[in-house]
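Protein chains: 2
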Amino acid sequence: MSLVLPSTGRRVPCEQCPLRPLPTFRDFTVPELKFVSSFKTGEMTAEPGAAIVSEGAHSAHLYTVLSGWAFRFKTLDDGRRQILNYLLPGDLVGLQGSIIGEMEHSVEALSPLVLCVFQRDRLDELFRNHPGLGFDVTWLASREERMLDDHLLSLGRRTAIERAAYLLAFLHERAIAVGLGKGNVQIPLTQQHVADTLGLSIVHTNKTLRKLTNRGLIRWLGRSCEILDAGELARVAGWDGPAERVRPLI
Amino acid sequence: MSLVLPSTGRRVPCEQCPLRPLPTFRDFTVPELKFVSSFKTGEMTAEPGAAIVSEGAHSAHLYTVLSGWAFRFKTLDDGRRQILNYLLPGDLVGLQGSIIGEMEHSVEALSPLVLCVFQRDRLDELFRNHPGLGFDVTWLASREERMLDDHLLSLGRRTAIERAAYLLAFLHERAIAVGLGKGNVQIPLTQQHVADTLGLSIVHTNKTLRKLTNRGLIRWLGRSCEILDAGELARVAGWDGPAERVRPLI
DNA sequence: CGGGGTCTTGATAGCTCTCAAGGGTCGTGG
DNA sequence: CCACGACCCTTGAGAGCTATCAAGACCCCG
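Structure representation (C-alpha cells):
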C-alpha cells in the first residue's frame, strides 16, 4: 500500500469542470458555482492501492472524486475486510468524517485517482450561506444511504451468483452515468475486491464469476472486468436498476 | 399487517419533549426549538406490525420516533426480506423519501409506536432559515450511514454467532442511549426479525440464539429478547461499540 | 377446541470455506 | 537473457457451516 502523492496546486477550475456538463448532474446557479470554486483548495492524485483516508483518522479532509475509481471499506481486528461501497467521479469522500468528526472507514484508490480537495472547516459556511448546497449535501448522504440499503439486501438475501450479478450491474450503471466506458465498460477490480464486497471467499468468488463468464455476461481481463450484458446481469440479480436521477455535484 | 391508526392532534409540545432532556441529545437554542415546534404538525400512533411507510410510496411523510420501536426493510420480488436498520426514539423516519422523493424501503412498527409528524414541504425552509438544523439533518444522515456500514461489515464478514451478538449488543446500546431499559433491556423482536436482519434462516437463527442463551448472555422471552451481558456480547462480536456521541433531535 | 403465530429440535441436502496446487503475467536483479 | 518473487487467476477435494424439510410444544385468542 503506497502513500498518497502530495497535493499539487489546483488545475481544473470548477467553472470548466469536465463532469458538470454531464446530464447526471444538475445545473448550478452562478453563486453556487462560485462558492464551490472558492471552497476547493486544490487537487490530489493517488495511485492504485494508495490509502486516501484511514479508519480512526481524526483530521480527515473532504474531497470529491474528479476522475478514477476508489472504494470504502472496514476491517475486523483479525483482518477480515468488507468493502462498503465504491467511489466514482462526482462522489464525495470523507463526508462522515467532516460531519461527525472521525472516520470509521478507510478509502483506497482502485485506479489512478484525482480528487478535488475542499476546506472542511468552511462546511458550516456552506450551510449558512448556501442552503441549497446544504440540502445537496444531505441529498448526497441520502443517496449513499440508498446504495448501502441495496447492498445490505444483497448481502443478506441474495445468493452468490445473484450478488455478483448485482454488484457488476450496479457498477456498470454508475460508470455509465458519469460517462465512463465508450462501448463496453471496464471496471478496475481484482477478484479479491469482488470477494470482499460480496462477503464471499476468493475461491468461491472465482467460481461464481466463472459462471457469469460462461454465460457470456462478463469477461475477466486480469485486474479488471468487462461488462458484456448489463441487462442480463440485472435480470439475474433481480435488480430493478437504481432509478438514478439528476444529482448535485459539489 | 394492520393499518396505521389515523393521526390525532398533537399532544406533546416540543418544549416539553420527554426525549430532549436525555444526555444523548444536544441542547437546542430557543429559535431552533421554536422552529421545530412549528415544524411539527401532530402525532401518529401505530400498533405492532403496522406499515408506517411502504416501498415505492411517492408522498412519504417525515417523522421522528417519539416512543417505541420500528424497523426499515426491503424485499426481493420473491418475498425474501432484509431488515436494514431499527428505529428508536429520536430517529428520523422517511428522510430519504423527503429528500430524494420516493421511498425505496418500507417501515413497520415493532411495538406500539408514537411518531411526531412534520411538514415535509417546509424542509427547504429549515435549510434556509436554520442552517444549524440543516447541518443536523445531514449529521443524522451520516449517522445512519455509519450504522449501515457496521451492518454491512457484519453481514459480509462476521460468522452467524458474531452477527447475532453484534446485533443484540448494538440494539442494547441504542436502547440504553435513549433511556429505555431500567435494569435489563428488553428488545421487542421475534426470531424471524433477527433472521431477516442477519441474513440467516429462521432455523439457524434459533440455533445460534440458543448458543448465546446457553452462555448466559441473553434470555428469550417470546416476542422479545432480554440482554443479560451486553459487554460479553460485544466481545463475542468483536465490536468496539458505537462511539455514540451527543446528537441532534429534530 | 381449533387455528395461527412463535419457538425448538433433529436429519439431510446443499452451499461455501479452507486447503492445496498450478499456471500466467509482470517487474526486478543477477 | 534468465531466474525469481509477487500478485492474480484457476481448479479439485474435503470439511464445515447453513438451508430446507419435518415434526412437535407452547401460547394466545376467537
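Residue numbers (the UniProt record's numbering), protein chains in the order written: chain A, 1 to 250; chain B, 1 to 250.
Every residue gets a Cβ at the ideal spot worked out from N, C-alpha and C, and that includes glycine.
Pairwise C-alpha distance: residue j and residue i
i                      : j                      : result
residue 24 of chain B  : residue 49 of chain A  : 39 Å
residue 16 of chain B  : residue 26 of chain B  : 15 Å
residue 233 of chain A : residue 71 of chain A  : 21 Å
residue 192 of chain A : residue 33 of chain B  : 50 Å
residue 114 of chain A : residue 177 of chain B : 41 Å
residue 239 of chain B : residue 182 of chain A : 44 Å
residue 75 of chain A  : residue 39 of chain A  : 32 Å
residue 67 of chain A  : residue 22 of chain B  : 45 Å
residue 138 of chain B : residue 216 of chain A : 43 Å
residue 162 of chain A : residue 188 of chain A : 20 Å
residue 199 of chain B : residue 237 of chain A : 17 Å
residue 174 of chain A : residue 18 of chain B  : 44 Å
residue 218 of chain A : residue 228 of chain A : 5 Å
residue 20 of chain B  : residue 194 of chain A : 44 Å
residue 55 of chain B  : residue 108 of chain B : 11 Å
residue 126 of chain A : residue 82 of chain A  : 33 Å
residue 60 of chain B  : residue 124 of chain B : 16 Å
residue 166 of chain A : residue 142 of chain A : 20 Å
residue 85 of chain A  : residue 110 of chain B : 29 Å
residue 28 of chain A  : residue 122 of chain A : 19 Å
residue 91 of chain A  : residue 116 of chain A : 10 Å
7 Å Cβ cutoff, residue i in contact with chain B
i                      : result
residue 43 of chain A  : no
residue 55 of chain A  : no
residue 61 of chain A  : no
residue 76 of chain A  : yes
residue 199 of chain A : yes
residue 47 of chain A  : no
residue 66 of chain A  : no
residue 108 of chain A : no
residue 104 of chain A : yes
residue 80 of chain A  : yes
residue 87 of chain A  : no
residue 249 of chain A : no
residue 4 of chain A   : Unreliable positioning characterises residue 4 of chain A in this predicted model, as indicated by a pLDDT of 47, which lies under 50. The coordinate reading is nonetheless provided below. No, its Cβ sits nowhere closer than 7 Å to a Cβ of chain B.
residue 209 of chain A : no
residue 90 of chain A  : no
residue 246 of chain A : no
Exposure of residue i, with buried meaning 16 or more beta-carbon neighbours within 10 Å
i                      : result
residue 207 of chain B : exposed
residue 202 of chain B : exposed
residue 204 of chain A : exposed
residue 244 of chain A : exposed
residue 129 of chain A : exposed
residue 30 of chain B  : exposed
residue 106 of chain A : buried
residue 248 of chain B : buried
residue 77 of chain B  : exposed
residue 13 of chain A  : exposed
residue 64 of chain B  : buried
residue 58 of chain B  : exposed
residue 246 of chain B : exposed
residue 152 of chain A : buried
residue 221 of chain A : exposed
residue 154 of chain B : buried
residue 101 of chain A : exposed
Residue-chain proximity (residue i, chain A), Cβ-Cβ < 7 Å
i                      : result
residue 256 of chain B : Not covered by the structure: residue 256 of chain B. The range shown for chain B is 1 to 250.
residue 38 of chain B  : no
residue 202 of chain B : no
residue 99 of chain B  : yes
residue 96 of chain B  : yes
residue 84 of chain B  : yes
Counting only Cβ-Cβ distances shorter than 7 Å, please list the residues of the stretch 126-138 of chain B near chain A, keeping chain order. Answer in chain order: 127, 128, 131, 134, 135, 137 and 138.
Check each residue of the stretch 141-175 of chain B: if its Cβ is closer than 8 Å to any Cβ of chain A, include it; give the result in chain order. Here the close residues are 141, 142, 143, 144, 145, 146, 148, 149, 150, 151, 152, 153, 155, 156, 157 and 158.
Note down, one range per segment and in chain order, each alpha helix (DSSP H) of at least 4 residues found wholly within the stretch 82-139 of chain A. Listed in chain order, the alpha helix (DSSP H) runs fully inside the stretch 82-139 of chain A are 95-100 and 123-129, counting runs of at least 4 residues.
Which residues, in order along the stretch 215-240 of chain B, keep a beta-carbon less than 7 Å from a beta-carbon of chain A? Within the stretch 215-240 of chain B, the qualifying residues are 238.
List in chain order: all unbroken alpha helix (DSSP H) runs of 4+ residues lying wholly within the UniProt domain "Cyclic nucleotide-binding" (24-94) of chain B. Within the UniProt domain "Cyclic nucleotide-binding" (24-94) of chain B, the runs of alpha helix (DSSP H) that reach at least 4 residues and sit entirely inside it are, in chain order, 30-39.
When you check each C-beta in the stretch 186-197 of chain A against every C-beta of chain B, which residues fall closer than 9 Å? Residues passing the 9 Å Cβ filter: 196 and 197.
Counting only runs that start and end within the UniProt domain "HTH crp-type" (158-231) of chain A, where is the beta strand (DSSP E) found for 3 or more residues in a row? Runs of the beta strand (DSSP E) inside the UniProt domain "HTH crp-type" (158-231) of chain A: 218-220 and 225-227.
Give, in chain order, every residue of the stretch 111-127 of chain B whose Cβ lies closer than 7 Å to some Cβ of chain A. Flagged, chain order: 124 and 127.
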